[in-house]
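Undergrad: Got a structure here, written out as structure tokens. Questions coming.
Residue numbers (the working numbering): 3 to 432.
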């Protein structure tokens with residue numbers, strides 16, 4: 003098979019959450035365990051860091067990987083979903099997996115994958131584990147796909163578990179309360195393994211603390227240990243962040259090439275995680291590695307779509323925030339941008355809780371409702387109708403590319419255009 007034929011097979015034959023949503027979700031670890039036994043349990047042959055959470059886990063995962071790479075380690079990185087190419091999900095030292103590796107893996111193990119009835123994500127997880135073993139990585143940063151307890155990645159025993167935050171999302175699968183979702187995410191906490199919680203929340207803190215006690219896992223709440231006290235843009239797509247230790251007031255300045263209000267939280271989570279890795283595991287991370295790893299996090303790991311500038315005059319920004327928890331920060335950030343007008347090109351998937359995000363959206367912006375070219379996209383006309391019930395009106399242009407082109411043609415040069423609402427929408431403009 004060619005690479006494209008392999009992708010066509012994977013997306014058409016194996017259930018993919020990216021394409022069909024919750025119908026592709028296969029809770030349970032029996033299949034992935036059985037398949038990894040066939041592969042020789044590759045995940046046991048390198049150290050790992052496990053990252054879960056509602057928002058920010060991609061930024062945190064890429065940042066940790068970047069710093070570990072700057073520290074001289076051979077680093078694997080497994081994340082999802084991808085924006086442009088499936089291979090973005092699996093990287094070693096920032097480089098995507100080769101097409102031949104994907105093709106060869108599927109050709110060799112296709113029969114076993116079909117026999118076990120693997121989901122797309124289970125196959126992808128196993129492919130990543132086997133590839134990291136083949137490459138001889140020292141450590142791999144592994145991001146969960148959905149939830150934690152029953153996520154296919156949860157067969158690893160990491161050096162550190164990280165849970166960025168908890169918000170209401172995928173409630174049909176994970177539970178309809180913060181506490182219930184926290185219990186699912188807490189499933190990645192392993193016996194005796196330190197766990198970092200990025201953001202405290204009265205509705206979830208006790209859940210994490212109870213699980214940590216049960217598992218005798220040292221627990222640290224990042225935002226109770228450190229605070230991002232200052233952010234100063236310095237050009238070239240970077241800002242200088244000041245991180246302050248809440249215990250003694252010690253300050254640390256770090257340049258960071260990820261932008262957006264949410265990064266104030268993510269940088270604290272990643273910084274705390276790296277400190278714990280250095281202090282309590284065999285992984286050594288010096289000050290130079292911290293400086294370089296944060297400074298070049300997106301550059302070294304290929305991360306895209308996080309408050310990313312994709313055009314000027316008018317300033318055009320895209321961001322993958324796609325739920326109420328993430329869009330709250332994104333809309334706050336948008337309102338802080340100095341601009342004569344704000345234009346929002348918006349599209350969501352069909353299972354999105356639109357009503358939850360409506361209170362967050364600015365009423366004085368110019369809206370263009372659109373839809374990504376995937377089957378899960380909510381039709382633009384339906385999105386416009388649901389916004390209209392809340393008194394937010396706009397135009398409907400179904401093609402994302404045409405919607406952005408219209409906005410850029412009609413917005414003043416000193417306006418700002420925001421493109422988002424869905425990872426799939428962002429994927430069509432980066």
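We treat Cβ as the ideally placed atom computed from N, Cα and C, and that holds for glycine.
Treat the numbers as computed from the prediction; the structure is a model and nothing was measured.
#1: Contact check, residue 37 vs residue 128 under 8 Å by CB: the rounded distance?
#2: In terms of residue numbering, what span does the beta strand (DSSP E) encompassing residue 132 cover?
#3: I'd like the list of long-range same chain contacts for residue 245, defined as Cβ closer than 8 Å, with 5 residues on each side in sequence excluded.
#4: Got a sec, what are the start and stop residues for the alpha helix (DSSP H) residue 40 sits in?
#5: Under the three-state reduction of DSSP, which class applies to residue 1: helix, strand or coil?
#6: Whole angstroms are fine: how far does the CA of residue 63 sit from the CA of residue 275?
#7: Under 8 Å, do residue 331 and residue 263 count as touching if we go by C-beta distance?
#8: In the DSSP assignment, find the beta strand (DSSP E) that holds residue 310 and state where it starts and stops.
#9: Taking 7 Å as the line, does the beta carbon of residue 5 fall inside it for any heavy atom of the ligand MG?
#10: Quick one: what does DSSP say residue 193 is sitting in, helix, strand or coil?
#11: Mind checking residue 267: buried by the 16 CB within 10 Å criterion, or exposed?
#12: Going straight from the alpha carbon of residue 180 to that of residue 411, what length do you get?
#13: In this structure, how does DSSP classify residue 361 when only helix, strand and coil are distinguished?
#14: Please list, in chain order, all residues of the same chain as residue 427 whose beta carbon is under 6 Å from its beta carbon, the five residues on each side excluded.
#15: Tell me whether residue 87 is buried or exposed, calling it buried when 16 or more other Cβ atoms sit within 10 Å of its Cβ.
#16: Is it right to say residue 27 is buried, meaning 16 or more other beta carbons lie within 10 angstroms of its own, or is it exposed?
#17: Here's the rule: buried if 16 or more other CB atoms are within 10 angstroms of the residue's CB, otherwise exposed. What is residue 25?
#18: Counting C-beta neighbours from all protein chains within 10 Å, is the total for residue 126 16 or more, i.e. buried, or is it exposed?
#19: For residue 187, report the span of its alpha helix (DSSP H) as first-last.
#20: Flag this pair as yes or no: are the beta carbons of residue 50 and residue 188 separated by less than 8 Å?
#21: Specify the secondary structure class of residue 230 as computed by DSSP and reduced to three states.
#22: Measure from the alpha carbon of residue 300 to the alpha carbon of each residue in 281, 147 and 238, then state which is nearest.
#23: Among the candidates 109, 318 and 404, whose CA atom is the shortest distance from the CA of residue 416?
#24: For residue 31, collect the residues of the same chain with a Cβ closer than 8 Å to its Cβ; drop the 5 residues on either side in sequence, then sort them by chain order.
#25: Kindly list the residues whose CB is nearer than 6 Å to the CB of residue 59, restricted to its own chain and excluding five residues on each side of it in sequence; keep chain order.
#26: Could you check what DSSP says for residue 210 in three-state terms: helix, strand or coil?
#27: Considering only the beta carbon of each residue, do residue 224 and residue 209 sit closer than 8 Å?
#28: Using the beta-carbon count (16 or more within 10 Å), is residue 106 buried or exposed?
#29: Can you list, in chain order, the residues of its chain with a C-beta nearer than 8 Å to that of residue 413? Leave out the 5 residues immediately preceding and following it.
#30: Looking at the unbroken alpha helix (DSSP H) that takes in residue 303, where does it start and where does it end?
#31: With distance defined between alpha-carbon atoms, name the residue in 372, 341, 396 and 380 nearest to residue 365.
#32: Here's the rule: buried if 16 or more other CB atoms are within 10 angstroms of the residue's CB, otherwise exposed. What is residue 422?
#33: Between the beta-carbon of residue 93 and the beta-carbon of residue 295, is there less than 8 Å?
#34: In angstroms with no decimal places, state the Cα-to-Cα distance between residue 214 and residue 370.
#35: When the Cα atoms are used, what is the spatial distance from residue 336 to residue 91?
#36: What does the alpha-carbon distance come out to for the pair residue 16 and residue 123?
TA: Judging by the given coordinates:
#1: Indeed they touch by this definition, with Cβ atoms about 5 Å apart.
#2: Where residue 132 is concerned, there is no enclosing beta strand (DSSP E), although the alpha helix (DSSP H) around it starts and stops at 122 to 137.
#3: Cβ neighbours of residue 245 beyond the five flanking positions: 228, 229, 230, 231, 253, 254, 255, 256, 269, 270 and 273.
#4: Here the alpha helix (DSSP H) through residue 40 covers 32 to 40.
#5: Only positions 3 to 432 of the chain appear in this structure, which leaves residue 1 out of reach.
#6: If you take the alpha carbons of residue 275 and residue 63, they lie about 10 Å apart.
#7: Yes, the Cβ-Cβ distance between residue 331 and residue 263 is below 8 Å.
#8: Residue 310 -> beta strand (DSSP E) spans 310 to 313.
#9: The ligand MG is not part of the structure shown, which contains no ligands of any sort.
#10: In this structure, residue 193 counts as coil in the three-state DSSP scheme.
#11: Label assigned to residue 267: buried.
#12: Across the structure, residue 180 and residue 411 are spaced so that their CA atoms are roughly 42 Å apart.
#13: In the structure shown, residue 361 sits in a helix (DSSP, three-state: H, G or I).
#14: The answer, listed in chain order, is 349, 374 and 402.
#15: Residue 87 is exposed by the Cβ-count criterion.
#16: Annotation note: pLDDT 49 at residue 27 (below 50); position unreliable, no value reported.
#17: Unreliable placement is indicated for residue 25, whose pLDDT of 48 sits below 50; no coordinate value is reported for it.
#18: By the 16-neighbour rule on beta-carbons within 10 angstroms, residue 126 is buried.
#19: Looking at the DSSP string, the run of the alpha helix (DSSP H) that includes residue 187 is 180 to 187.
#20: Against a cut-off of 8 Å, the Cβ pair of residue 188 and residue 50 comes out as no contact.
#21: If DSSP states are grouped into helix, strand and coil, residue 230 belongs with the strands.
#22: Nearest C-alpha to residue 300: 238.
#23: Out of 109, 318 and 404, 318 has the C-alpha closest to the C-alpha of residue 416.
#24: Spatial neighbours of residue 31 in its own chain (CB-CB distance under 8 Å, excluding positions within 5 residues in sequence) are listed in chain order as 152, 154, 156 and 157.
#25: Result list for residue 59: 53, 145 and 166, in chain order.
#26: DSSP places residue 210 in helix when its eight states are reduced to three.
#27: No. Outside cutoff.
#28: So residue 106 ends up on the exposed side.
#29: So the qualifying residues of the chain are 316, 343, 345, 368 and 419.
#30: Here the alpha helix (DSSP H) through residue 303 covers 299 to 303.
#31: Among 372, 341, 396 and 380, the Cα nearest to that of residue 365 belongs to 396.
#32: So residue 422 counts as buried.
#33: Taking a C-beta distance under 8 Å as the contact criterion, residue 93 and residue 295 do not qualify as a contact pair.
#34: Going by the C-alpha atoms only, they are around 46 Å apart.
#35: When rounded, the distance between both Cα atoms is 28 Å.
#36: Computed Cα separation, rounded: 9 Å.
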